[in-house]
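Protein chains in written order, with my numbering: chain A, 1 to 215; chain B, 1001 to 1215. Cβ coordinates follow ideal geometry from the N, Cα and C atoms, glycine included.
There are 2 protein chains.
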Amino acid sequence: MAVTPKRRTRERIVEVGLRLFNDFGEPNVTTSLIAAELGISPGNLYYHFRNKEEIVTALFVAFEEEMASLLLESQRGRPAVEDVWLQIRGLFDLIWRYQFLYRDLNDILSRNRTVELQFKRILQLSVRAAMTACDALIAAGEMQASRIERDALADNIVVVASYWMSYEYVRNPRERLSEIAGRRGAFQVLALAGPYLRGRSRELFEKLAEKYLAD
Amino acid sequence: MAVTPKRRTRERIVEVGLRLFNDFGEPNVTTSLIAAELGISPGNLYYHFRNKEEIVTALFVAFEEEMASLLLESQRGRPAVEDVWLQIRGLFDLIWRYQFLYRDLNDILSRNRTVELQFKRILQLSVRAAMTACDALIAAGEMQASRIERDALADNIVVVASYWMSYEYVRNPRERLSEIAGRRGAFQVLALAGPYLRGRSRELFEKLAEKYLAD
């Protein structure tokens, strides 16, 4: 498919919007700033997006697609803890790229009905993915946890994964989030499952912990 | 000390401000709304607080004092897991009463420098309190965790405690947070420590889990 100039402008607005939202926080970025950054007129921007919410929604749809495909990976086959680790790292890469969503989550949700409904679905999907991964590890004898423990674990995995970046931000509000923050978050999520792991998965977890701390 | 009418008005502004912030979210409440709710003139309100940020700051100072005294309790003597549980419940009661702070945390931090600096201190104090409690349980033979595990645990305790209410809100954005959400949060925090508990503390944890699920 040939990329028409019109389509290209739309893509560029979304790209630049994402960068500015991440750098300055979504509440602090106006459509005028996005247009100025792109060197286009506000009228040209409005031709593609009537307001900032539509840009946020477009970004959210792209985010949601990536998130869903990442979460559904865990549904396929029996995951070993290495796969779980790669999945968590992938999750934090995604959160890192769309960090504005997580930093101002409740604020964005209160204004954007589409994001609100879809984010709720993403959380449900995330809890289910965490449970599926736990069940597979339990079936393989690589995890030992009662149903109560597993239920609590699945929710805690989703809370730490969803809010770690926010926690990093609150701890150092004047600093830009670094990618190291994402790596720390991935380790924190894996550490939630750590004490329940057995056998080869437990050994792998300990190796990952050593490697993580040595880096 | 006699309560003068002036002092009483100041207190009432803070009380009503807290209630409205909790009910509608701090970004959606204006000083005019607070004055109207109290049946006083905006001028009377401004005599006590020049703007909304000053009301937020006054509320935050009260919150911070309660939080600090709650966290410092763990520094005294050897906590048994019952004391840890009561402390977590106390923490969630406090978060429940000041839920507006947690629901719009990053938004409030980005606008209020006093809250920003003090909240960072509260998080540091919280991590230290979690570590102190873990160390005391380890010293008493009631917990078994490596240094790496304990460090990861302390941060995860603070993340789940700080963001659980936010997670509940995102899961059901159209519903008012119930006190049950706070109880669930307290259990989720205790469940983080669960797999590391040994002996009497582990037995108590299992009893609490049963009781929690039966309620």
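9 Å Cβ cutoff met for V127 of chain A and A154 of chain A
yes
What alpha helix (DSSP H) runs, 4 residues minimum, are completely inside the segment 79-140 of chain A?
81-97, 99-103, 105-111, 113-139
Residues of chain B with CB closer than 7 Å to the CB of G25 of chain A, please, in chain order.
S1110
What are the residues in the segment 1149-1179 of chain B lying within 8 Å of chain A by C-beta distance?
E1149, A1152, L1153, D1155, N1156, V1158, V1159, V1160, S1162, Y1163, W1164, S1166, Y1167, Y1169, V1170, R1171, N1172, P1173
Can you find the residues in the same chain that come closer than 7 Å, C-beta to C-beta, to G25 of chain A, ignoring five residues on each side of it along the sequence?
F100, R103, D104
Under 7 Å by beta carbon: chain B residues contacting Q99 of chain A
Neighbours of Q99 of chain A on chain B: none; closest Cβ ~11 Å, over 7 Å.
Span of the alpha helix (DSSP H) holding A1186 of chain B?
1179-1193
Is it true that the CB of L1125 of chain B sits closer than 9 Å to the CB of A1068 of chain B?
yes
Closer than 9 Å, CB to CB, is F1021 of chain B near chain A or not?
no
Pairwise C-alpha distance: A1209 of chain B and I148 of chain A
8 Å
Do K120 of chain A and N1172 of chain B have their C-beta atoms closer together than 9 Å?
yes
What does the Cβ neighbour count give for P1027 of chain B, buried or exposed, with the cut at 16 atoms within 10 Å?
buried
Given the structure, does I40 of chain A come close to the ligand ZN, in the sense that its CB is under 8 Å from one of the ligand's heavy atoms?
This structure does not include the ligand ZN; it has no bound ligands of any sort.
Selection of the segment 1113-1141 of chain B by Cβ proximity to chain A, strictly under 7 Å:
E1116, F1119, K1120, L1123
Whose Cβ in chain B lies nearer than 8 Å to the Cβ of L38 of chain A?
What L38 of chain A touches in chain B: nothing, since even the nearest Cβ is about 25 Å away.
Which residues, in order along the segment 1182-1195 of chain B, keep a beta-carbon less than 8 Å from a beta-carbon of chain A?
F1187, Q1188, A1191, L1192, G1194, P1195
Return the first residue and the last residue of the alpha helix (DSSP H) that F63 of chain A is part of.
52-73
Classify P1042 of chain B as buried or exposed, calling it buried when 16 or more other Cβ atoms lie within 10 Å of its own Cβ.
exposed
Based on DSSP bridge pairs, tell me the residues matched to M143 of chain A.
A:L197
Quick check: G17 of chain A and I55 of chain A, are their CB atoms within less than 9 Å of each other?
yes
Could you list which residues in chain A have their beta carbon closer than 9 Å to that of L1213 of chain B, in chain order?
I148
To the nearest angstrom, how far is the alpha carbon of L59 of chain A from that of L1070 of chain B?
41 Å
Minimum C-alpha distance to N1044 of chain B - residue among B:I1138, B:E1116, B:I1013
B:I1013
Three-state class that DSSP yields for T30 of chain A in the structure shown:
coil
Using a Cβ-Cβ cutoff of less than 7 Å, which residues in the same chain neighbour H48 of chain A once the five nearest sequence positions on both sides are dropped?
T9, R10, I13
Chain-order list of residues whose beta-carbon lies under 6 Å from that of F1092 of chain B (same chain, five-residue window excluded):
G1182, G1185, A1186
Are the C-beta of A1209 of chain B and some C-beta of chain A separated by less than 9 Å?
yes
Could you please give the first and the last residue of the uninterrupted alpha helix (DSSP H) stretch that includes N44 of chain A?
42-48
Output, in chain order, the set of chain B residues within a Cβ distance shorter than 8 Å of L70 of chain A.
In chain order: nothing, as chain B lies at least about 19 Å away.
For my contact list, E1142 of chain B and G1199 of chain B are in at a C-beta cut-off of 8 Å; report their separation, rounded to the angstrom.
5 Å
Helix, strand or coil for E175 of chain A, going by three-state DSSP, please let me know.
coil
Check G25 of chain A in the structure and name its three-state DSSP category.
coil
In angstroms with no decimal places, state the Cα-to-Cα distance between L1213 of chain B and S1110 of chain B.
39 Å
Amino acids of chain A, ordered along the chain, whose beta-carbon sits closer than 7 Å to that of L1105 of chain B:
V170
At the 9 Å Cβ level, is N1028 of chain B part of the contact set with chain A, yes or no?
yes
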